[in-house]
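Residue numbers (my numbering): 106 to 271.
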């Protein structure tokens, strides 16, 4: 059965929580602990495709093997047309193009709904994620040096942005 991308449902949340939980043990996110399924239930409840707040799943049969999300960049009203994006893939499925499929689907849904920008931060070094963002039309806009502290050290975060179609 081919991989399919869909809006996440409640049935996807345990695997989304597990994928993110694995990332929480790395510098890919600056959360220090896994988020419980209840946090993902709240994220799903806050999803609103018309506003660009999305949670998508990559499904291989019944298994969720990755997810992408977009949320408001910051809570201040002046940022209302900017969405922060992220993609996470199950460790055993990385390097197979799933991230690209998820990002393509996410950005397609963000285009055409009146938003201006998609932004993303990538903890360095992460050449695979850097390539993914560049391949999807993002441009580098800067690096925050030592901005995140985790696993006993400070990490740089490279920021990207991509214009969205109005």
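Virtual Cβ for every residue (Gly too), placed ideally from N, Cα, C. Just so it is clear, the structure is predicted and the values come from calculations on it, not from any experiment.
Residue from the options whose Cα sits closest to the Cα of residue i
i, options, result
"residue 113", "228, 210, 202 and 196", "210"
"residue 261", "247, 212 and 267", "247"
"residue 234", "263, 252 and 251", "263"
"residue 201", "146, 219, 253 and 237", "237"
"residue 187", "160, 108, 147 and 222", "222"
"residue 199", "265, 149, 139 and 124", "124"
"residue 245", "254, 136 and 229", "229"
"residue 253", "232, 243, 227 and 117", "227"
"residue 149", "121, 257, 179 and 131", "121"
Whether residue i touches residue j by CB criterion (8 Å)
i, j, result
"residue 225", "residue 190", "yes"
"residue 192", "residue 171", "yes"
"residue 164", "residue 127", "no"
"residue 270", "residue 216", "yes"
Exposure of residue i, with buried meaning 16 or more beta-carbon neighbours within 10 Å
i, result
"residue 250", "exposed"
"residue 259", "exposed"
"residue 239", "exposed"
"residue 154", "exposed"
"residue 197", "exposed"
"residue 115", "exposed"
Neighbourhood of residue i by C-beta distance below 7 Å, restricted to the same chain and skipping five residues each side
i, result
"residue 119", "142"
"residue 203", "108, 163, 170, 171 and 194"
"residue 139", "122, 125, 126 and 129"
Contact set for residue i: own chain, Cβ-Cβ below 8 Å, skip 5 residues either direction
i, result
"residue 152", "112, 113, 158, 159 and 160"
"residue 241", "205, 208, 209, 212 and 267"
"residue 137", "129 and 255"
| For the 8 Å Cβ check, are there 3 or more pairs between the segment 174-189 and the segment 199-210? | Short answer: they don't touch.
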